[in-house]
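This report refers to the structure that appears directly beneath it.
In the numbering used here, the protein residues as written are 15 to 108.
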């Protein structure tokens with residue numbers, strides 16, 4: 015979960031994938047690099063989290079990632095990934 019490795023993987027999306035489903039974990043609140051990488055690939059992105067960020071500590075309520083995504087899903091445990099993927103696929107179809 016190295017920030018640089020995540021940025022590299024995001025950059026690879028441009029050639030190989032139609033969109034991004036990402037759980038940036040703690041980088042949600044700190045990573046301008048991940049935010050910039052998502053912007054640079056110009057592919058739709060959905061941010062997901064297992065827990066609800068807004069029921070946790072105040073500092074976790076801010077996401078650098080959400081404003082550059084088509085949506086954010088949090089608080090549904092592992093179902094957050096399924097819901098996020100469904101939302102991304104629906105977005106790509108529209």
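Note that the Cβ used here is the ideal one computed from N, Cα and C, for glycine as well.
Does the Cβ of residue i have 16 or more other Cβ atoms within 10 Å, making it buried, or fewer, making it exposed?
i: residue 76; result: exposed
i: residue 68; result: exposed
i: residue 53; result: exposed
i: residue 19; result: exposed
i: residue 22; result: exposed
Rounded to whole angstroms, what is the Cα-Cα separation between residue i and residue j?
i: residue 91; j: residue 80; result: 18 Å
i: residue 48; j: residue 93; result: 23 Å
i: residue 27; j: residue 34; result: 7 Å
i: residue 96; j: residue 37; result: 12 Å
i: residue 17; j: residue 40; result: 10 Å
i: residue 108; j: residue 78; result: 26 Å
i: residue 71; j: residue 87; result: 18 Å
i: residue 101; j: residue 60; result: 8 Å
I'd like to check one pair, residue j with residue i: are the Cβ atoms closer than 9 Å?
i: residue 57; j: residue 73; result: no
i: residue 66; j: residue 98; result: no
i: residue 105; j: residue 85; result: yes
i: residue 24; j: residue 46; result: no
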